[in-house]
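Let me begin by presenting the structure, written as structure tokens, before commenting on it.
2 protein chains.
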Amino acid sequence: MSNENLVGWMTATQQYVENALEAALPDEQRAPQQLHQAMRYSTLQGGKRVRPLLAFAAGELVAADAANLGRVACAVEMIHAYSLVHDDMPCMDDDVLRRGKPTCHVAYDEATALLVGDALQTLAFELIATPLPGVDAAQQLAMVKLLAQASGHAGMAGGQAIDLASVGRNLNQTELEFMHLMKTGALIRAAVLLGAMCGQPLSAEQSDSLDHFAKRMGLAFQVVDDVLDVEADTATLGKTAGKDEANDKPTYVSLMGLQQAKQFARELYNDALAALAPFGDRAARLKQLADYIVARSF
Amino acid sequence: MSNENLVGWMTATQQYVENALEAALPDEQRAPQQLHQAMRYSTLQGGKRVRPLLAFAAGELVAADAANLGRVACAVEMIHAYSLVHDDMPCMDDDVLRRGKPTCHVAYDEATALLVGDALQTLAFELIATPLPGVDAAQQLAMVKLLAQASGHAGMAGGQAIDLASVGRNLNQTELEFMHLMKTGALIRAAVLLGAMCGQPLSAEQSDSLDHFAKRMGLAFQVVDDVLDVEADTATLGKTAGKDEANDKPTYVSLMGLQQAKQFARELYNDALAALAPFGDRAARLKQLADYIVARSF
Chain A
1 MSNENLVGWM TATQQYVENA LEAALPDEQR APQQLHQAMR YSTLQGGKRV RPLLAFAAGE
61 LVAADAANLG RVACAVEMIH AYSLVHDDMP CMDDDVLRRG KPTCHVAYDE ATALLVGDAL
121 QTLAFELIAT PLPGVDAAQQ LAMVKLLAQA SGHAGMAGGQ AIDLASVGRN LNQTELEFMH
181 LMKTGALIRA AVLLGAMCGQ PLSAEQSDSL DHFAKRMGLA FQVVDDVLDV EADTATLGKT
241 AGKDEANDKP TYVSLMGLQQ AKQFARELYN DALAALAPFG DRAARLKQLA DYIVARSF
Chain B
1 MSNENLVGWM TATQQYVENA LEAALPDEQR APQQLHQAMR YSTLQGGKRV RPLLAFAAGE
61 LVAADAANLG RVACAVEMIH AYSLVHDDMP CMDDDVLRRG KPTCHVAYDE ATALLVGDAL
121 QTLAFELIAT PLPGVDAAQQ LAMVKLLAQA SGHAGMAGGQ AIDLASVGRN LNQTELEFMH
181 LMKTGALIRA AVLLGAMCGQ PLSAEQSDSL DHFAKRMGLA FQVVDDVLDV EADTATLGKT
241 AGKDEANDKP TYVSLMGLQQ AKQFARELYN DALAALAPFG DRAARLKQLA DYIVARSF
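Protein chains in written order, with full-length UniProt numbering: chain A, 1 to 298; chain B, 1 to 298.
Listed below in structure tokens is the structure:
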């Protein structure tokens with residue numbers, strides 16, 4: 001598949017997800033209006049939708065239904081959106097810019113931002129617990145649990161806590177990897193696995209391979225993020241650039257230097273791609289997308 | 001059943017739930033230690049466990065398994081605990097005392113309190129999505145969805161948003177009821193219904209009756225809470241008394257006066273009890289508990 005083909009697929013998928021989010025979010029005409037408006041503000045029209053794209057690309061491995069993928073993608077994206085709203089709050093990263101717009105607590109107020117994050121998390125679980133046509137109920141229950149494990153104290157929220165505790169400290173590579181596998185990697189991994197759980201069941205070998213791919217890509221994504229935080233400007237990122245260094249946060253760049261961090265991302269990417277071998281041509285989209293995600297940093 | 005009998009049952013059930021929470025919460029020796037410690041601090045050894053008690057009492061309608069009830073009770077109680085942690089934060093009610101102890105953001109810090117609430121919510125969904133022995137997977141998926149709907153923008157979180165927006169405003173009784181049905185009622189109702197979903201399926205008539213009971217009790221609970229906020233002292237409540245009036249929040253007492261509010265609670269209670277008729281003797285515990293909850297205010 002050509003790169004042009006990838007861009008067309010990404011645009012169409014992003015639009016599909018945007019429409020699905022639009023439909024899944026509460027109507028801002030209904031009470032409580034400000035909460036609903038702020039939930040929409042914080043979720044719609046923003047971001048590259050990397051997690052939804054990964055879910056859809058993984059869905060191609062198993063010929064999954066688009067509507068089901070849309071629902072799963074919305075759930076994962078709402079977890080991501082909630083984490084950004086809370087992460088930007090004054091007591092956390094205290095950031096004013098996100099996806100090129102004022103952050104939620106700036107556009108509204110802190111209490112609203114707190115409730116927006118809370119309610120987006122709940123809505124994610126409501127969406128993923130609503131029966132997906134053609135998906136076995138026991139399988140879907142496992143999907144709910146996977147999303148919860150990826151998001152909670154042993155996943156994303158736990159990673160945030162380690163991140164907070166690590167400000168101003170020197171972490172070694174093992175500690176940094178542990179933090180990032182939880183903070184960013186767990187939800188990236190969940191997006192991939194949940195997409196693949198929307199279709200025909202995988203064999204045990206295929207599941208293991210996909211899991212390996214998903215874990216490596218989750219880490220690669222974070223390494224690339226660290227590289228971009230140094231190299232890109234605020235306008236390109238749509239969020240404040242250089243803030244890791246300003247906040248004295250350990251990153252792959254601060255740990256190993258820029259060139260080495262790029263090299264590490266490349267190694268993770270190669271390792272991830274190798275794990276897709278058992279899927280043959282059906283993994284073409286996932287390979288393209290992985291290439292796109294990592295190539296951002298080169 | 002005698003009242004002595006009720007007290008013994010309550011004490012035993014509270015202890016059972018305490019042990020279940022203890023086992024379900026993350027180990028504070030594991031990283032991130034402070035997050036885990038603060039999650040335990042905010043959940044264990046506190047509160048009357050009204051929602052777990054309601055779930056267990058409703059479980060007696062359907063001869064539900066105690067271990068399953070324990071899991072459901074933990075999930076509901078973690079949602080409740082998360083809401084208290086976030087509600088006490090400076091950007092919300094800014095309270096320093098909860099269950100007789102410093103609130104989470106006072107004992108730790110605001111960032112930790114934010115993450116504690118987030119991670120407790122996630123853990124609630126992880127628990128309720130873990131297969132319950134003997135419960136059909138489709139039924140359990142419906143339980144996850146029920147908990148999400150009760151907690152989110154159309155339930156507890158939405159009620160909080162309306163509460164915030166109503167400070168200093170005069171609400172009429174319809175508006176106040178709408179707020180409280182969401183803020184407190186939805187989760188009380190969920191506790192009752194989820195307990196009954198752990199056992200033999202109810203008939204449509206029984207489900208409707210139980211739902212009516214649960215909704216009336218949810219509202220009665222809030223009216224009683226408003227009464228106690230005026231009548232009880234801080235030591236008895238274990239939280240700051242008189243804070244509704246201090247915060248200029250509309251309550252049933254401010255709307256209808258103390259005696260009328262008590263009378264309204266009594267009417268709701270009578271209406272709730274009448275709805276238990278189809279269950280006969282199996283509803284004895286639920287009746288006793290309803291009596292105990294409302295009688296707190298007389």
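Think of the CB as a built atom: it goes at the ideal place given N, C-alpha and C, for glycine as much as any other residue.
According to DSSP, is residue i part of a helix, a strand, or is it coil?
| i | result |
| --- | --- |
| K215 of chain A | helix |
| P52 of chain B | helix |
| residue 300 of chain B | Lying outside 1 to 298, the shown extent of chain B, residue 300 of chain B is not represented and no answer is given. |
| M1 of chain B | The predicted position of M1 of chain B is uncertain, since its pLDDT is 47 and thus under 50; no value can be drawn from it. |
| K249 of chain A | coil |
| R30 of chain B | coil |
| R40 of chain A | helix |
| residue 299 of chain B | Absent from the structure is residue 299 of chain B, since the part of chain B shown begins at 1 and ends at 298. |
| P278 of chain A | helix |
| R98 of chain A | strand |
| Q45 of chain B | coil |
Between the options, which has its C-alpha nearest residue i's C-alpha?
| i | options | result |
| --- | --- | --- |
| A67 of chain A | A:Y16, A:D211, A:A272 | A:Y16 |
| Q14 of chain B | B:A284, B:V50, B:G134, B:F213 | B:V50 |
| M179 of chain A | A:T251, A:Q121, A:V96 | A:T251 |
| F221 of chain B | B:Q149, B:A165, B:V294 | B:V294 |
| Q160 of chain A | B:L289, B:G117, B:G100 | B:G117 |
| R189 of chain B | B:E267, B:M156, B:S203, B:V227 | B:M156 |
| P201 of chain B | B:D281, B:G152, B:L258, B:A138 | B:A138 |
| H105 of chain A | A:Y41, A:R71, A:L61, A:V144 | A:Y41 |
| L187 of chain A | A:V167, A:D211, A:V253, A:G199 | A:D211 |
| L268 of chain A | A:V230, A:R216, A:V253 | A:R216 |
| H86 of chain A | A:R99, A:T103, A:G70 | A:T103 |
| D88 of chain B | B:K287, B:G134, B:G158, B:L114 | B:L114 |
| Q206 of chain B | B:P278, B:A150, B:D226 | B:P278 |
| P133 of chain A | A:A64, A:D163, A:L120 | A:A64 |
| L273 of chain B | B:A261, B:A129, B:D136, B:F213 | B:F213 |
| A196 of chain B | B:V135, B:G158, B:D229, B:S254 | B:V135 |
| A165 of chain A | A:D93, A:Q140, A:T130, A:G70 | A:D93 |
Report the rounded CA-to-CA distance for residue i versus residue j, giving the unit in angstroms.
| i | j | result |
| --- | --- | --- |
| L194 of chain A | K249 of chain A | 31 Å |
| A142 of chain B | L54 of chain B | 19 Å |
| M256 of chain A | L21 of chain B | 42 Å |
| A232 of chain A | K183 of chain A | 22 Å |
| P32 of chain B | L97 of chain A | 28 Å |
| V72 of chain A | A191 of chain A | 8 Å |
| Q37 of chain A | N19 of chain A | 16 Å |
| K101 of chain B | A12 of chain B | 23 Å |
| M1 of chain A | G185 of chain A | For M1 of chain A, the predicted structure reports a pLDDT of 47, less than 50, and the residue's modelled location is therefore unreliable. A value from the coordinates is still provided. Approximately 27 Å, taken between the alpha carbons. |
| V167 of chain B | D271 of chain B | 30 Å |
| M10 of chain B | S203 of chain B | 28 Å |
| R99 of chain A | V227 of chain A | 18 Å |
| G199 of chain B | V223 of chain A | 49 Å |
| S151 of chain B | D225 of chain A | 33 Å |
| S209 of chain B | A283 of chain B | 12 Å |
| Y82 of chain B | L120 of chain B | 6 Å |
| I128 of chain B | V230 of chain B | 36 Å |
| G59 of chain A | D291 of chain A | 17 Å |
| G8 of chain B | M39 of chain A | 45 Å |
Could you work out which residues of chain A lie near residue i, taking near to mean beta carbons separated by less than 7 Å?
| i | result |
| --- | --- |
| F125 of chain B | F125, V144, A148 |
| L141 of chain B | A129, P131, A137, Q140, L141 |
Below 9 Å on C-beta distance, what does residue i contact in chain B?
| i | result |
| --- | --- |
| E110 of chain A | M89, P90, C91, M92 |
| L115 of chain A | H86, M92, H153, A157, G158, Q160, A161, L164 |
Taking Cβ-Cβ distances shorter than 9 Å, what residues in chain A pair up with residue i?
| i | result |
| --- | --- |
| D27 of chain B | Ordered by position in chain A, no residue passes the 9 Å Cβ test against D27 of chain B, which lies about 10 Å from the chain. |
For residue i, return the contacting residues in chain B, with the cut-off set at a CB-CB distance below 8 Å.
| i | result |
| --- | --- |
| P32 of chain A | H153, G158, A161, I162, A165 |
| Q121 of chain A | D118, Q121, T122 |
| M256 of chain A | Neighbours of M256 of chain A on chain B: none; closest Cβ ~22 Å, over 8 Å. |
Using a Cβ cut-off of 7 Å, pull out every chain B residue sitting near residue i, in sequence order please.
| i | result |
| --- | --- |
| L35 of chain A | H153, G158, A161 |
| M39 of chain A | H153 |
Would you check whether the ligand PLP has a heavy atom nearer than 6 Å to the C-beta of residue i?
| i | result |
| --- | --- |
| Q160 of chain A | Ligands are entirely absent from the displayed structure, and the ligand PLP is therefore not among its contents. |
For a cutoff of 7 Å on Cβ pairs, would you count residue i as touching chain D?
| i | result |
| --- | --- |
| L6 of chain B | Within the model displayed, chain D is absent; protein chains A and B are what it includes. |
(message) For the pair the stretch 16-28 of chain A and the stretch 74-94 of chain A, tell me if three or more CB-CB distances fall below 8 Å.
(response) yes
(message) So, does the stretch 35-47 of chain B touch the stretch 164-179 of chain B, judging by three or more C-beta pairs under 8 Å?
(response) no
(message) Under 8 Å: do the stretch 106-115 of chain A and the stretch 120-140 of chain B share three or more Cβ pairs, one atom per stretch?
(response) no
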